[in-house]
Every structure is written in structure tokens, then in C-alpha cells.
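Chemist: Going line by line, the protein sequences match chains A and B. Position 88 (the first sequence) corresponds to 88 in full-length UniProt numbering; numbering is contiguous. Position 77 (the second sequence) corresponds to 77 in full-length UniProt numbering; numbering is contiguous. Using N, Cα and C, we set each Cβ at its ideal position, and we do this for glycine too.
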Amino acid sequence: MSTFGTATPGNPNPNNSIEVAQPPSDSVSSLSFSPKANYLVATSWDNQVRCWEIMRSGNAVGSTPKASISHDHPVLCSAWKDDGTTVFSGGCDKQAKMWPLLSGGQPMTVAMHDAPIKELAWIPEMNLLVTGSWDKTMKYWDTRQPNAVHTQVLPDRCYALTVRYPLMVVGTADRSLVVFNLQNPQTEFKRITSPLKYQTRCVAAFPDQQGFLVGSIEGRVGVHHLDDSQQSKNFTFKCHRDGTEIYSVNSLNFHPVHHTFATAGSDGAFNFWDKDSKQRLKAMSRCSQPIPCSAFNNDGSIFAYSVCYDWSKGAENHNPASAKNYIFLHLPQESEVKGKPRVGTSGRK
Amino acid sequence: MPIKKELCKNYQRGSCQYGQRCKFLHVTQQQPKSNIFGGGAQSGSYGQQQKSNPYGFGVQNSSQSKGSTDYGSKPNNQFKPFENKWTRFSPIPNTGAPSARQSENQTQATNHKCTDPESCRRIVVEDFENERPLWKLTCYGHLKNAPCDIIGDISYEELRAAAYDDAKRGLSLQSIVERERNLLSSKLVEFENLCKPHAVAPSSTLPNQKPFSGTSSNAFSSFGQLGSSLNMGPPAPLNNGFGQLNSSAPSRQISSAFGTKNMPSENAGFSSNGALRESNPFSPSPSSAQFLRTTNNQSPILSMGLDYTSNANAPAQVAMGVQLATNMQKEDISGDVSIWSKNKWNPGEVPEEAPPDAFVDAV
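Quick look at the structure:
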């Protein structure tokens with residue numbers, strides 16, 4: 001594997017994004033904004049879950065570290081409760097913790113698996129936490145009880161999860177995608193093989209629950225509609241490629257207002273796209289390290305992304321002594337995230 | 001009309017931006033497909049449907065779409081199984097009839113692809129030349145929406161978790177890197193094998209016969225029924241089959257063909273059991289089997305994948321798709337146990353001792 005960025009140091013922040021203060025000391029594995037306020041939570045491979053308050057006045061944005069908790073092992077995923085008071089986090093310690101941080105409470109363990117928990121999500125309509133793990137199961141938890149409400153066996157290890165009630169899509173290893181109707185959570189609604197040819201990396205459900213996006217390691221995103229009558233609208237597109245180098249799409253996030261979406265990849269770039277007009281709205285400059293995760297805040301005015309090593313080139317490119325881990329905040333302009341009408345004829349290339 | 005008789009490489013891969021104007025031959029392997037649309041006119045339209053976008057998202061191939069809309073509400077690329085379904089036809093007027101045909105097409109696509117192993121191999125070879133992602137520890141399927149030809153996915157986080165576990169246990173970075181390199185090289189060998197002519201034939205029958213692919217294709221036509229059938233299908237038997245699968249015979253066949261190549265890749269996926277990882281991943285079965293014993297949840301599940309393919313008929317399929325079945329669940333199996341999976345023994349090969357228990361209840 002060629003080493004990344006050894007030729008020139010490279011600019012970690014070519015987009016002039018705002019840097020979040022006191023970032024984690026190891027790579028960031030997930031980012032999530034509170035649904036109610038501008039609180040950002042980041043989980044990291046340094047076993048910590050950190051929370052910052054993001055203050056914004058006009059174009060000036062500041063970040064203040066607020067609180068943090070520890071796990072015993074790297075933390076892989078995080079989710080806020082819908083009331084913005086509590087954060088759930090899960091990771092390699094095979095547990096998920098519930099942290100009522102707004103009230104200053106202590107975290108408590110609310111979920112357990114037999115293998116690391118890769119993804120979790122809070123489902124307000126069911127008042128349940130769902131966790132997906134590498135032990136090939138997905139479990140639903142009522143946080144007041146120690147045992148899972150339901151255990152769902154998956155075809156393989158859980159790699160990606162997205163929930164937009166009542167739609168839930170789970171991406172697993174070996175290209176399985178399992179769709180659930182949460183009104184009937186014990187039954188798989190549909191199980192399909194990914195429209196992409198390689199490992200599934202991330203999924204994101206459409207805000208209107210008509211389908212979902214799937215991103216893979218091959219620099220490609222698939223747009224998939226659930227309804228048979230809309231299968232003609234399915235397509236895939238290439239992204240995050242640089243010449244012959246094909247990077248993975250690490251993160252897919254829909255803009256909460258405009259319903260366009262952002263992709264972030266191992267090439268260190270993030271882009272904004274409109275699936276309805278099939279256009280790329282904006283391509284941002286490449287950062288010097290991969291972007292493993294990203295998130296929009298509740299109104300889409302802030303896009304947070306992390307620039308740090310995602311292991312896409314193995315252990316040999318991991319240098320903890322000199323590794324820099326950043327979390328940046330980008331303020332999307334309307335032109336970048338607002339959907340555009342379909343472009344007219346532009347002639348052949 | 002295409003001028004030259006050569007097959008268009010882009011079209012074979014799924015989509016060609018030149019469409020009708022392409023000077024190479026746009027022929028689909030699916031000759032029977034044209035009947036869906038009732039008549040020979042359809043075969044000509046195949047070329048129109050290719051809304052490929054080699055330059056990526058955002059390029060508006062409008063001239064293509066103009067020409068194609070003349071054909072009316074054409075359900076576009078559904079019938080092209082390995083096509084990049086990049087199309088401009090979203091505003092399709094009536095989704096009633098066409099959609100039924102589309103789903104049929106897609107059903108057919110996922111059902112009887114790979115009738116021509118040579119074209120499939122070509123797809124694979126082209127994919128590997130043009131579309132090799134940087135991350136190599138991945139599964140691969142040469143047809144979208146069809147099951148994998150190569151399984152044994154390892155994600156970034158799994159590899160990293162394994163490395164962190166190893167480091168915690170005191171392993172040096174060098175040995176961690178070594179382990180990862182071994183995983184990588186074994187996976188690369190798998191990919192290379194897929195490109196070879198003899199290797200593709202089994203996998204080409206894979207989508208046809210795998211029960212899983214059958215169900216997945218049905219998913220497109222009627223998800224209502226399928227949901228329930230899927231639910232009762234794979235998960236239940238697999239859950240019960242854990243014990244049996246450990247000693248299923250087909251896995252033994254694989255072990256002879258591919259040795260322990262995939263052991264490391266599976267090992268790495270389970271970070272909780274790094275203890276045995278420093279043993280050379282390519283070491284003989286016993287140590288790897290020992291490792292797998294400790295991962296009781298996971299090792300049977302690896303065989304689960306095996307179960308899918310073993311339901312199909314050809315043993316060779318199993319070889320192709322489920323190399324992970326080298327999981328030797330029993331520690332006491334030592335030496336070359338492939339002899340037990342052979343159907344026919346040549347003179348001089350007949351073993352003198354009784355077969356290990358693993359083979360006794362097989363088939």
C-alpha cells in the first residue's frame with residue numbers, strides 16, 4: 001500500500017473550515033449533533049466520548065469542550081436521544097452506554113453484545129435503542145431493562161445502519177442489505193444484495209423513506225428505491241476517485257432541510273449531491289487525511305467532519321506519535337446544499 | 001448500426017456512453033430477455049438504454065436521453081444485470097406496466113446471469129483492471145444485486161480493532177503489520193484466482209443455484225410475500241444448524257483446495273480473540289481451529305455462509321464462494337484431512353484409520 005500524503009505534508013484544512021477545539025487524541029469514529037441544540041458529540045479510538053457546545057453568531061463559530069466519558073475500549077458509534085438530553089455510545093467493549101449529559105448524570109450500560117457494537121440508533125417512535133454488532137445480530141433495548149427486547153439475526157456482521165421511522169436499513173458484511181419496517185420489526189421486510197460490487201461502507205435512508213443510499217469502498221454510491229414501481233429510478237454513481245485511485249465512501253448524510261446529501265471519503269474530500277437532479281452540487285477540496293465520519297446539525301447550517309486516519313491503508317500508515325486528528329465545522333452555503341433543477345441538454349462529451 | 005464487429009467493452013461492462021452511436025457492437029448476452037418487451041424492436045433498443053456516465057455524477061448525457069425517449073416509456077436498465085443504472089429516465093410516464101416488466105427483468109437478471117462463464121470472467125477481469133478499490137480486504141460480486149463471488153469482508157474498523165487489541169497485548173507494530181500483510185496477500189490470491197478461467201465456471205453457476213440469490217431476486221417482484229418467507233428462511237435454520245454446520249463435509253473439501261488461506265481473514269474480523277493471532281496465519285489447521293473454537297458465536301456463522309452454497313449442488317461452488325469454510329472446528333483434526341472428502345480413492349490412497357468424527361456424519 002502506498003503511504004498516504006508522504007510526498008507533501010498537505011493541508012489538513014484546505015476548505016478553511018472552523019477547527020473544533022481540543023479534538024480527540026486518536027481517530028474519530030463517529031460524529032453526531034444533538035437534535036435540539038448545537039451540541040456535537042464525537043467518539044474516538046482513544047476510548048472517549050466527547051461533547052462540545054458549538055456557538056454560532058453569523059459566520060463566526062466557536063466550540064467549547066463540555067464533557068466527556070470513557071469506555072474501556074475504542075468507541076465506534078454514537079447517537080442522541082430525540083429530546084437532546086442523552087447520548088448513547090457503543091464500541092469495542094461490546095457495550096452501549098447511555099449518558100444523560102445535559103443533566104450531568106453518569107453513564108450507565110444499557111446494551112451488550114458478543115462482539116463490538118458497530119452502529120446504534122435511537123428510535124423515538126418505539127422508545128427503543130437499536131444496536132448492530134459484529135456478532136451478526138441487532139438488538140433492541142428498552143433502556144430501563146437489562147435484557148434486549150428483541151434480538152434480530154443478521155446475515156452477517158453489521159457494518160452500517162440508518163433509521164428513518166418506519167424505515168430501517170442495515171448494511172452487513174458481504175454486501176447484504178436488510179430493510180426493516182419498524183412497524184413490524186421482527187420481520188425482515190426485504191433482504192437484497194447491494195447494487196455495488198464491493199464492501200458496503202455506509203447507508204443513509206431518504207428523508208421521505210422511499211429508499212436509501214448505499215456507499216461502498218469502491219468510490220461509488222447506490223441510490224435504491226424500495227418500491228418496485230420506482231426501481232427505474234435506481235442508479236449508482238462514482239465519486240471519491242482520483243485518477244486511477246479509488247477511495248471508499250465513508251459517510252452519507254442527508255441535509256435535514258433540503259434533502260440533498262453529502263458524501264465523505266477516504267480521499268479526504270466531501271461533496272454535496274442532489275439525487276433528484278442527479279448532480280453534484282459542490283466538490284470541496286481534498287484534505288490531507290481521510291474523512292471517516294461526518295454529520296449535519298439539526299437544521300443543516302453546520303456540517304461537521306473529521307479529518308484523521310481511517311485505517312484505509314492498514315496499520316503501517318498509523319503513526320500515533322505524529323498523527324493529527326481534526327474535527328472541522330463547515331458552514332454550507334445555500335448553493336452547496338440546495339437542490340437544483342435538472343440541467344438541460346449539454347451536448348455530448 | 002455498429003460498424004465493427006467487435007464487442008463494445010463498455011457495453012459489456014454495463015453501460016456505454018455512446019449508445020447507438022458507438023462503433024462497437026452493443027450486444028447483450030441475454031438474448032431471451034428481448035421477449036419481455038415483445039418483439040425484435042427491443043433488441044435494438046438495448047443500446048439506447050446505456051446511460052453510462054464514465055465521467056461520474058453530474059454529467060448530463062442529454063442527447064442520449066433525447067434519442068431514447070422516442071421509444072416511449074422504456075423501462076431502462078433494469079434488464080441489464082451488470083449495468084450501472086445511471087439513467088436520465090426518471091420521469092417515466094406510467095410506472096404500471098413497465099414496472100412489472102422491470103421487476104421481471106431484474107428477476108431474470110439476478111436469476112440467470114452467468115450462463116456464459118467467459119463473459120462473466122471478462123467482467124471480473126475488467127473490474128479488476130479498472131475498478132480496483134484501494135481497500136483490498138473486501139468481498140466482491142461481479143454482478144450488482146447478485147451474491148458475492150468472493151466473501152470474507154473485513155472492514156477498516158475490524159482491522160483496526162484487531163490491531164489495537166494486539167497492541168494492547170504487547171505485540172509490536174511490526175508483527176501487526178505482518179499479520180495485516182498476510183491477510184492482504186491471501187485475499188489478493190483469492191481475487192487472482194477469480195480471474196482464472198477455470199475458477200469462474202463454478203462461480204458462474206453460483207447465482208443460479210444459491211437459494212439466497214433466488215430469494216433476493218424475488219424480492220424485487222413481490223416484497224410483500226418475500227418478507228415473511230425470508231424471515232422464516234435463512235435465519236431459522238442457520239440458528240439451529242450451528243452445531244451441524246461445524247462438521248459439514250463440504251467445508252473439508254475446501255480446505256484441501258485452498259488450504260488455510262482464509263483463516264487469517266476471518267480471524268482478523270473478530271477482534272475479541274486476538275490471542276492466537278500471532279501464530280502464523282498460514283500455519284496448519286490445528287492452531288487456527290483452536291482460535292476458532294474460542295469464537296463460538298462466529299465460527300458457526302462462517303459456516304452459515306457455507307450452508308447457503310452447500311445447498312446448491314456443485315461442490316466446486318462451495319470452493320469458490322466459501323473459502324472461509326476452512327474453519328476446522330475440531331482441534332483434533334490434524335494432517336491432511338482432504339482425503340476424507342474425496343469421492344473416489346485411487347489405489348494407495350485409502351486411509352488406514354477411521355475418519356475423524358467430523359466426517360462421519362457428513363452427507
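For the pair the region 249-265 of chain A and the region 204-215 of chain A, tell me if three or more CB-CB distances fall below 8 Å.
Modeler: Result yes; three or more Cβ-Cβ pairs closer than 8 Å.
Chemist: Have a look at A42/A and A60/A and give me their C-alpha separation to the nearest angstrom.
Modeler: Position 42 of the first sequence, counted from the start, is the residue given in the question as residue 42/A. Position 60 of the first sequence, counted from the start, is the residue given in the question as residue 60/A. So the alpha carbons of these two residues sit roughly 21 Å apart.
Chemist: Of the residues E192/B, L188/B, A167/B, I150/B, which one's Cα is nearest the Cα of H73/A?
Modeler: Counting from 1 along the first sequence, the entry for residue 73/A is found at position 73. Among E192/B, L188/B, A167/B, I150/B, the Cα nearest to that of H73/A is on A167/B.
Chemist: Determine the chain A residues that contact D127/B at a beta-carbon separation under 7 Å, and present them in chain order.
Modeler: Counting from 1 along the second sequence, the entry for residue 127/B is found at position 127. Within chain A, the residues near D127/B are K197.
Chemist: Short check: CB of Y198/A to CB of S176/A, under 7 Å?
Modeler: Counting from 1 along the first sequence, the entry for residue 198/A is found at position 198. Counting from 1 along the first sequence, the entry for residue 176/A is found at position 176. No, these two residues do not count as a Cβ contact at 7 Å.
Chemist: For the ligand SAM, any of its heavy atoms closer than 6 Å to the Cβ of S294/A?
Modeler: Within the structure as shown, the ligand SAM is missing, as the structure has no ligands at all.
Chemist: In the DSSP output, what is V170/A paired with across the bridge?
Modeler: The residue labelled residue 170/A in the question sits at position 170 within the first sequence. In DSSP, V170/A forms a bridge with L161/A, V178/A.
Chemist: Roughly how many angstroms separate the alpha carbons of residue 366/B and C158/A, rounded to a whole number?
Modeler: Residue 366/B is absent from the structure shown; chain B starts at 1 and stops at 363.
Chemist: Checking 7 Å against the spacing of the C-beta atoms, do Y305/A and F328/A come in under that value?
Modeler: Counted from its first residue, the first sequence places residue 305/A at position 305. Counted from its first residue, the first sequence places residue 328/A at position 328. For Y305/A and F328/A, yes; Cβs fall inside 7 Å.
Chemist: Can the beta-carbon of S90/A be found less than 7 Å from the beta-carbon of A96/A?
Modeler: By 1-based counting over the first sequence, the position of residue 90/A is 90. By 1-based counting over the first sequence, the position of residue 96/A is 96. For the record, residue 90/A in the displayed sequence is Gly; it is not Ser. Yes, these two residues count as a Cβ contact at 7 Å.
Chemist: Using three-state DSSP, classify Y140/A as helix, strand or coil.
Modeler: For the purposes of this step, residue 140/A is taken as the residue at position 140 of the first sequence. Note: Y140/A maps to strand in three-state DSSP.
Chemist: Considering only the alpha carbon of each residue, which of A115/A, T86/A, D135/A, A160/A lies closest to E127/A?
Modeler: In the first sequence, the residue the question calls residue 127/A occupies position 127. The sequence given here places Asn at residue 127/A; Glu does not occur at that position. That would be T86/A, whose Cα lies nearest to the Cα of N127/A.
Chemist: Assign S25/A to buried or exposed, taking buried as 16 or more other Cβ atoms, counted over all protein chains shown, within 10 Å of its Cβ.
Modeler: Translated into the one-based positions of the first sequence, residue 25/A becomes position 25. When all chains shown are included, S25/A counts as exposed.
Chemist: Compare the Cα-Cα distances from P195/A to each of G10/A, A264/A, R220/A and report the closest residue.
Modeler: Counting from one through the first sequence, the residue named residue 195/A turns up at place 195. Per the Cα distances, R220/A.
Chemist: In chain order, what residues of the same chain have a beta carbon less than 7 Å from the beta carbon of L76/A, not counting five sequence neighbours either side?
Modeler: If you number the first sequence from 1, residue 76/A lands on position 76. Answer for L76/A: S29, S30, T43, G90, G91, C92, P116, I117, K118, listed in chain order.
Chemist: Would you tell me roughly how many angstroms separate the C-alpha atoms of S52/B and G19/B, rounded to the nearest one?
Modeler: In the second sequence, residue 52/B corresponds to position 52, counting from 1. In the second sequence, residue 19/B corresponds to position 19, counting from 1. Confidence at S52/B is low in this model, with a pLDDT of 42, below 50, so its placement is unreliable and no value can be given for it.
Chemist: What three-state label does DSSP hand N127/A in the structure shown?
Modeler: On the first sequence, residue 127/A is found 127 positions in, with the first residue counted as 1. Three-state DSSP puts N127/A in coil, outside helix and strand.
Chemist: On a Cα-Cα basis, can you pick out the residue from P155/A, F180/A, A173/A, H150/A that is closest to R164/A?
Modeler: As a first step, residue 164/A is located in the first sequence; it is residue number 164 there, counting from the start. Here the closest residue by C-alpha is F180/A.
Chemist: Mind checking the region 173-194 of chain B against chain A and listing, in chain order, the residues whose C-beta falls within less than 7 Å of any C-beta there?
Modeler: So the close ones are L173, I176, V177, E180.
Chemist: When burial is assigned at 16 or more other CB atoms within 10 Å of the CB, is K149/B buried or exposed?
Modeler: Position 149 of the second sequence, counted from the start, is the residue given in the question as residue 149/B. Reading off the sequence, residue 149/B comes out as Asp, not Lys. Looking at its Cβ environment, which holds 16 or more other Cβ atoms inside 10 Å, D149/B is buried.
Chemist: Helix, strand or coil for R241/A per DSSP?
Modeler: The residue given as residue 241/A occupies position 241 in the first sequence. Strand, per DSSP.
Chemist: Would you please verify whether the beta carbon of G314/A is less than 7 Å from any beta carbon of chain B?
Modeler: As a first step, residue 314/A must be located in the first sequence, where it is residue number 314. Yes, because at least one Cβ of chain B sits closer than 7 Å to the Cβ of G314/A.
Chemist: In chain order, which alpha helix (DSSP H) runs of at least 4 residues are fully inside the region 217-287 of chain A?
Modeler: Counting only runs of 4 or more, we get nothing.
Chemist: Between the UniProt repeat "WD" (110-151) of chain A and chain B, which residues of the former have CB atoms less than 7 Å from a CB of the latter, in chain order?
Modeler: For the UniProt repeat "WD" (110-151) of chain A, which is checked against every Cβ of chain B, the residues closer than 7 Å are D114, A115, P116, K118, W134, D135, K136.
Chemist: Residues of chain B with CB closer than 9 Å to the CB of D310/A, please, in chain order.
Modeler: By one-based count along the first sequence, residue 310/A stands at place 310. Within chain B, the residues near D310/A are Y156, E157, R160.
Chemist: At least one CB of chain B closer than 7 Å to the CB of Y159/A: is that the case?
Modeler: Walking along the first sequence from the start, residue 159/A turns up at place 159. Closer than 7 Å: yes.
Chemist: Strictly below 7 Å CB to CB, what residues from chain A border L171/B?
Modeler: Numbered from 1 along the second sequence, position 171 holds the residue referred to as residue 171/B. Within 7 Å Cβ-Cβ: nothing; L171/B doesn't reach chain A, min ~10 Å.
Chemist: Can you pull the DSSP bridge partners for H150/A?
Modeler: Numbered from 1 along the first sequence, position 150 holds the residue referred to as residue 150/A. Partner(s): Y140/A.
Chemist: Report the three-state DSSP secondary structure of G19/B (helix, strand or coil).
Modeler: If you number the second sequence from 1, residue 19/B lands on position 19. In this structure, G19/B counts as helix in the three-state DSSP scheme.
Chemist: Considering only the alpha carbon of each residue, which of A315/A, T151/A, A160/A lies closest to Q186/A?
Modeler: Position 186 of the first sequence holds residue 186/A. Out of A315/A, T151/A, A160/A, T151/A has the C-alpha closest to the C-alpha of Q186/A.
Chemist: Excluding the five sequence neighbours on either side, which residues of its own chain have a C-beta within less than 8 Å of the C-beta of L182/A, listed in chain order?
Modeler: Here residue 182/A corresponds to residue number 182 of the first sequence, with the count starting at 1. I123, E125, M126, V163, Y165, P166, L167, M168.
Chemist: State buried or exposed for N38/A, treating a residue as buried only when at least 16 other CB atoms are found within 10 Å of its CB.
Modeler: Mapped onto the first sequence, residue 38/A falls at position 38. Buried, since its Cβ has 16 or more Cβ neighbours within 10 Å.
Chemist: Can you grab the Cα-Cα spacing for the pair V307/A / S232/A, in whole Å?
Modeler: Position 307 of the first sequence holds residue 307/A. Position 232 of the first sequence holds residue 232/A. Going by the C-alpha atoms only, they are around 36 Å apart.
Chemist: Spell out whether any CB of chain B is found under 7 Å from the CB atom of residue 397/A.
Modeler: Outside the shown range of chain A, which is 1 to 349, sits residue 397/A, and nothing can be said about it.
Chemist: Between P341/A and the rest of its own chain, which residues show a CB-CB distance below 7 Å, the 5 nearest in sequence each way excluded?
Modeler: In the first sequence, residue 341/A corresponds to position 341, counting from 1. Excluding residues within five positions, the ones whose Cβ falls inside 7 Å are S277.
Chemist: Against K144/B, what residues of chain A qualify as contacts under a CB-to-CB distance less than 7 Å, listed in chain order?
Modeler: For the purposes of this step, residue 144/B is taken as the residue at position 144 of the second sequence. Neighbours of K144/B on chain A, chain order: P195, L196, K197.
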